[in-house]
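Novice: This structure is in structure tokens; I'll ask about it shortly.
2 protein chains.
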Amino acid sequence: MANRTITGAKGFRAAAVACGIKTSGKPDVALLVSDVPATAAAVFTTNKVVGAPIIVGRKHIQSGVLRACVINAGCANVCTGDRGVRNAMEMCALAAAGIGADPDEVLPSSTGVIGHFLPMEKVRMGISHATMALSNSAEAGTAFANGILTTDLVAKTAFATVKVGGKTVTIAGCCKGSGMIAPNMALPQATMLAYVATDAAIDKRALRKVIAEVTGQTFNCVTVDQHTSTSDTFVVLANGMAENKKIVGGSDLKKFAAALYEVCDSLSQQIARDGEGATKLITVTVTGAATAADAKKAAEAIANSPLCKTAVHGGDPNWGRFVSAAGYSGAKMNPDKGLCKVGDVLVFKNGQPTKVELAAVGEVMQGKEVSILVDLGVMAGKAGYSHRVYTCDLSREYIAINADYHT
Amino acid sequence: MANRTITGAKGFRAAAVACGIKTSGKPDVALLVSDVPATAAAVFTTNKVVGAPIIVGRKHIQSGVLRACVINAGCANVCTGDRGVRNAMEMCALAAAGIGADPDEVLPSSTGVIGHFLPMEKVRMGISHATMALSNSAEAGTAFANGILTTDLVAKTAFATVKVGGKTVTIAGCCKGSGMIAPNMALPQATMLAYVATDAAIDKRALRKVIAEVTGQTFNCVTVDQHTSTSDTFVVLANGMAENKKIVGGSDLKKFAAALYEVCDSLSQQIARDGEGATKLITVTVTGAATAADAKKAAEAIANSPLCKTAVHGGDPNWGRFVSAAGYSGAKMNPDKGLCKVGDVLVFKNGQPTKVELAAVGEVMQGKEVSILVDLGVMAGKAGYSHRVYTCDLSREYIAINADYHT
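Take a look at the structure:
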């Protein structure tokens, strides 16, 4: 069977080991390595409080070339001052030494509790073991996808191939993220961590352009709890081993971007589905907005409202919560011309409830996937801006996970 | 014993009756009446989707004179088009007829489910019975405070007296609000409903100025679930029956404003304490901000983050959540110069965790009242702007109330 994990892209090896940062004894140090220097681009959280790995990562990505990503789970190395930065740099140095690279060719990430120093003895042993365990097998790819998890229940992977520049290139990704999820990442700037390995040859600037666009349409459109992490990182490593004619623009770039979008869209949806305590995937779409920013504001207000999320959780056809959330979002809105649909059921139009039976709406809301559409009624048809956000319902389990979480 | 209910201000009568809108059979129509025309000012929700009573109320308040407020609970009369507006106007007309006033001297409010038409036969009977039950007794004041409730567990009242213009005037208020609480009210613009009756004589413009200021510092600084309602209304009726020299400005206005602030601050805190599912009152203070808007953004981000609210619920000293919420709020922040305190315990300073034992923080967080302070580190000392928000923790009970709520 074909390897559809992150090591399914040519020239990539991975590993994950347990070094005891997680009290559960599960794998907590992971390593992704390209056999040759890879063209790389990354986006980081826009939170004003950032983890030490973000500070180091922003520097290391500047060259546009990376050999590896080193990750630990269980401790986020955030709010840890100079010592934290030194620790993140040491993680890079250790990984680099193990694979024969420069420390600044390594991008570090940490996820877990904020405000604690990394247990460096454990981390050192973990990285050392990980470098020895590197493999291009599907098992190693799967281990990597699991090694970066925290409160996630399932590993999240996606895979695409696309023919560009005369060759079929592979785009293989994985990510983690379940709580503290409302990524808002920008160039050189979730705790969402996402890694894409591709064997495509692509120009550095083209890759930066694509990663920014795709992030805006995918990871930045997921919210579990609206809490943008200090550590969100999405990085693409493109090592050129597919030997395609280098992608610099035109139709090849479009095709590559579309395939990368497909991978990231899938990962985004997987994050929402596995949101802490989630029992349902909610897709919120806002249309008819005056601006793209308005569409985003309204969709996020609905997706982040605990009243909307609990209504979906309970399968309660309380659509007034959706409409009123759009109303307070700050987006321009004309309720008399707008509408609201739950699934395919029109519940609100012309400023009034439709004659639909609420029981029919309740039935749609009992499903495992619930889509909510609110049209703001400001711009009709294709002239109106739209935005889509993936989120999940809010359950008692979310409270249990987060009230009982130990620091 | 002195009457400290809303009928404790001279010349006010109140009533509440059950007419069957609430399936529980509890009182659901309430009426507050001034014996003489009262100078009045009101602020309403800034939600773009507003209830029919808001549309009618904005018109009726324009004259600055009211005789009465008529309220129903159990159905919000929102998203109900022209029919909804006609129903709200009929509520005013019925109340006016019952007390010998003009319909435009009555301010209507409705709270409850969105997207349903008012059951007018029940409402008509309710208003008719309420007009007959009007009384200036403390019992009637208490009935009024209870008749406006929805998911609230307790009635919320506050009372102050202040000497102005040679007389002691009384300011008596009550309010409701437990869910869909993040008031953002502006002049003629939760579901928070708050009513203040005062026998002070005060100039119309002065009253408008004071209500705007006090709302910004009190009701607009409460959030239970960040979901700004379509129906939030706060109205002050000042009927002059204390016979003080009319307040127009100067120290009398300051004294009146301070007393009104005291009443509204108490009511605000009561709302947060009685937030749906709440077990704790949380006071979030942000200091050291570059602007007032930044301080507000950061405080609201902390107060609205489900991760922060569940940490407090669990009594978990996970202060990284507070700092990181300020970080994504959009406010300017310098974490290396900022700090974080939980209660009186300093947990984060100079970009690093302090040496305090987390157990000491956990102890503070086990309390029924938890205060969180984050200094953004941008402006030192008194030059920095600050903001305070009241909120509550997020519990399994909140999920139960809102996932199982029936529309």
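Protein chains in written order, with this note's numbering: chain A, 3 to 409; chain B, 3 to 409. Glycine included, C-beta positions come from ideal geometry on N, C-alpha and C. It should be emphasised that the depicted structure is a prediction, and the values quoted were computed from it without experimental measurement.
1. Given this structure, state the Cα-to-Cα distance separating residue 387 of chain A from residue 368 of chain A, to the nearest angstrom.
2. Going along the chain, which residues of its own chain have a beta-carbon closer than 6 Å to the beta-carbon of residue 62 of chain A, five neighbours each way excluded?
3. Return no unless some Cβ of chain A is closer than 7 Å to the Cβ of residue 77 of chain B.
4. Pick out the complete alpha helix (DSSP H) segments inside the region 205 to 293 of chain B, 4 residues or longer, and give them in chain order.
5. For residue 363 of chain A, which residues of its own chain have a beta-carbon under 7 Å away from its beta-carbon, when the five flanking residues on both sides are left out?
6. What residues from chain B crowd round residue 209 of chain A, counting only those whose CB sits closer than 9 Å?
7. Would you tell me roughly how many angstroms separate the C-alpha atoms of residue 351 of chain B and residue 115 of chain A, rounded to the nearest one?
8. Which of the three DSSP states is assigned to residue 380 of chain A in this structure?
9. Which runs of the beta strand (DSSP E) spanning at least 3 residues fall entirely within the region 159 to 202 of chain A, listed in chain order?
10. Can you check whether the C-beta of residue 375 of chain A is within less than 7 Å of a C-beta belonging to chain B?
11. If we cut at 7 Å on Cβ distances, does residue 57 of chain B have a partner in chain A?
12. Just to confirm, are residue 27 of chain B and residue 124 of chain B a CB contact at a threshold of 7 Å?
13. Taking only beta-carbon positions, decide if residue 354 of chain A is within less than 7 Å of chain B.
14. For residue 271 of chain B, does the count of other Cβ atoms within 10 angstroms reach 16, so buried, or fall short, so exposed?
15. What is the DSSP secondary structure of residue 65 of chain A, reduced to helix, strand or coil?
16. Count the C-beta pairs between the region 196 to 212 of chain A and the region 132 to 139 of chain A that are closer than 8 Å, then say yes if the count reaches three, no if not.
17. I'd like to know if residue 399 of chain B contacts chain A, where contact means its C-beta is closer than 7 Å to some C-beta of that chain.
18. In the DSSP assignment, find the unbroken alpha helix (DSSP H) run with residue 323 of chain A in it and report its ends.
19. Judging by CA-CA distance, which residue of A:43, A:9, A:5, A:50 is the nearest neighbour of residue 337 of chain B?
20. Would residue 212 of chain B and residue 259 of chain B qualify as a contact pair, given that the criterion is a beta-carbon distance under 7 Å?
21. So what's residue 358 of chain B in DSSP terms, helix, strand or just coil?
22. With distances taken between CB atoms, is the gap from residue 332 of chain A to residue 406 of chain B smaller than 7 Å?
23. So residue 309 of chain A is in the beta strand (DSSP E); what residue range does that whole segment cover?
24. For residue 174 of chain A, I'd like the list of residues in its chain whose CB is within less than 6 Å of its CB, leaving aside the five on either flank, ordered along the chain.
25. If you compare alpha carbons, which of A:151, A:374, A:353 is closest to residue 176 of chain A?
26. Let me check understanding here. Comparing Cα to Cα, which of A:225, A:354, A:281, A:247 lies closest to residue 304 of chain A?
27. So that I know if they touch, is there some Cβ in chain B lying closer than 7 Å to that of residue 26 of chain A?
28. Can you list, in chain order, the residues of its chain with a C-beta nearer than 7 Å to that of residue 72 of chain B? Leave out the 5 residues immediately preceding and following it.
29. Determine, for residue 81 of chain A, whether the minimum Cβ-Cβ distance to residues of chain B falls below 7 Å.
30. With a Cβ-Cβ cutoff of 7 Å, do residue 372 of chain B and residue 284 of chain B count as a contact?
31. Go through its chain and collect everything with a Cβ distance to residue 287 of chain B's Cβ below 6 Å, but skip five positions before and after it.
32. So residue 263 of chain B and residue 217 of chain B are supposed to be a Cβ contact under 8 Å. How far apart are they, rounded?
33. Ordered along the chain, which non-local residues of its own chain (more than five positions away) have a Cβ less than 7 Å from that of residue 222 of chain A?
34. Once you ignore the five residues that flank residue 29 of chain A on each side, which residues in its own chain have a CB closer than 7 Å to its CB?
35. With DSSP collapsed to three states, give me the class of residue 120 of chain A.
36. Expressed to the nearest angstrom, what Euclidean distance is found between the alpha-carbon atoms of residue 55 of chain A and residue 90 of chain A?
Specialist: Per the coordinate set shown:
1. In the first sequence, counting from the first residue as 1, residue 387 of chain A sits at position 385. In the first sequence, counting from the first residue as 1, residue 368 of chain A sits at position 366. Computed Cα separation, rounded: 29 Å.
2. As a position in the first sequence, residue 62 of chain A is number 60, starting the count at 1. So the list reads 106, 109, once near-sequence residues are dropped.
3. Counting from 1 along the second sequence, the entry for residue 77 of chain B is found at position 75. No, its Cβ sits nowhere closer than 7 Å to a Cβ of chain A.
4. 206 to 219, 252 to 275
5. Position 361 of the first sequence, counted from the start, is the residue given in the question as residue 363 of chain A. Excluding sequence neighbours, residue 363 of chain A sits near 319, 321, 344, 347, 349.
6. The residue you call residue 209 of chain A lines up with position 207 of the first sequence. Per Cβ cutoff of 9 Å: no residues; residue 209 of chain A is ~26 Å from chain B at best.
7. For the purposes of this step, residue 351 of chain B is taken as residue 349 along the second sequence, with counting starting at 1. For the purposes of this step, residue 115 of chain A is taken as residue 113 along the first sequence, with counting starting at 1. The alpha-carbon atoms of residue 351 of chain B and residue 115 of chain A are separated by roughly 17 Å.
8. Taking the first sequence and counting its residues from 1, one reaches residue 380 of chain A at position 378. Here residue 380 of chain A sits in coil by DSSP.
9. 169 to 178, 195 to 200
10. The residue labelled residue 375 of chain A in the question sits at position 373 within the first sequence. By this cut-off, residue 375 of chain A is not an interface position.
11. The sequence position of residue 57 of chain B within the second sequence is 55, counting from 1. It does not: the Cβ of residue 57 of chain B has no partner Cβ on chain A nearer than 7 Å.
12. The residue given as residue 27 of chain B occupies position 25 in the second sequence. The residue given as residue 124 of chain B occupies position 122 in the second sequence. No, Cβ-Cβ distance for residue 27 of chain B and residue 124 of chain B is not below 7 Å.
13. Indexing the first sequence from 1 puts residue 354 of chain A at position 352. For residue 354 of chain A, the answer is yes, since a Cβ of chain B falls inside 7 Å of its Cβ.
14. Locating residue 271 of chain B in the second sequence gives position 269, where the first residue counts as 1. Result: buried.
15. Translated into the one-based positions of the first sequence, residue 65 of chain A becomes position 63. Correct three-state label for residue 65 of chain A: coil.
16. no
17. Your numbering for residue 399 of chain B matches position 397 in the second sequence. No, its Cβ sits nowhere closer than 7 Å to a Cβ of chain A.
18. Numbered from its first residue, the first sequence carries residue 323 of chain A at position 321. Unbroken alpha helix (DSSP H) run through residue 323 of chain A: 322 to 330.
19. By one-based count along the second sequence, residue 337 of chain B stands at place 335. The candidate whose alpha carbon is nearest that of residue 337 of chain B is A:50.
20. Counting from 1 along the second sequence, the entry for residue 212 of chain B is found at position 210. Counting from 1 along the second sequence, the entry for residue 259 of chain B is found at position 257. Result yes, Cβ atoms of residue 212 of chain B and residue 259 of chain B sit closer than 7 Å.
21. Working through the second sequence from its first residue, we reach residue 358 of chain B at position 356. Here residue 358 of chain B sits in coil by DSSP.
22. Residue mapping note: residue 332 of chain A aligns to position 330 of the first sequence, counting from 1. Residue mapping note: residue 406 of chain B aligns to position 404 of the second sequence, counting from 1. Contact: no.
23. The residue you call residue 309 of chain A lines up with position 307 of the first sequence. Where residue 309 of chain A is concerned, there is no enclosing beta strand (DSSP E), although the alpha helix (DSSP H) it sits in stretches over 308 to 316.
24. The sequence position of residue 174 of chain A within the first sequence is 172, counting from 1. Cβ neighbours of residue 174 of chain A beyond the five flanking positions: 8, 10, 11, 161, 199.
25. Working through the first sequence from its first residue, we reach residue 176 of chain A at position 174. Looking at the Cα atoms, A:151 is the closest of the given residues.
26. Counted from its first residue, the first sequence places residue 304 of chain A at position 302. Out of A:225, A:354, A:281, A:247, A:225 has the C-alpha closest to the C-alpha of residue 304 of chain A.
27. For the purposes of this step, residue 26 of chain A is taken as residue 24 along the first sequence, with counting starting at 1. No, residue 26 of chain A lies away from the interface with chain B (no Cβ there is under 7 Å from its Cβ).
28. Here residue 72 of chain B is taken as the residue at index 70 of the second sequence, counted from 1. The answer, listed in chain order, is 33, 93, 94, 97, 108, 110, 129.
29. Locating residue 81 of chain A in the first sequence gives position 79, counting from the first residue. Yes, contact with chain B.
30. For the purposes of this step, residue 372 of chain B is identified with residue 370 of the second sequence, where counting begins at 1. For the purposes of this step, residue 284 of chain B is identified with residue 282 of the second sequence, where counting begins at 1. Their beta carbons are under 7 Å apart, which means residue 372 of chain B touches residue 284 of chain B by this criterion.
31. Along the second sequence, one-based indexing puts residue 287 of chain B at 285. Closer than 6 Å at the Cβ level, and outside the excluded window around residue 287 of chain B, lie 375, 390.
32. Numbered from 1 along the second sequence, position 261 holds the residue referred to as residue 263 of chain B. Numbered from 1 along the second sequence, position 215 holds the residue referred to as residue 217 of chain B. Contact doesn't hold; Cβ gap of about 10 Å is too wide.
33. Here residue 222 of chain A refers to the residue found at position 220 when the first sequence is read from its first residue. Counting only Cβ-Cβ distances below 7 Å, and skipping sequence neighbours, we find 185, 186, 187.
34. Here residue 29 of chain A is taken as the residue at index 27 of the first sequence, counted from 1. Result list for residue 29 of chain A: 18, 19, 20, 145, 148, 149, in chain order.
35. The residue you call residue 120 of chain A lines up with position 118 of the first sequence. Residue state, collapsed to three classes: coil.
36. Here the question's residue 55 of chain A lines up with position 53 in the first sequence. Here the question's residue 90 of chain A lines up with position 88 in the first sequence. Roughly 5 Å between the two C-alpha positions.
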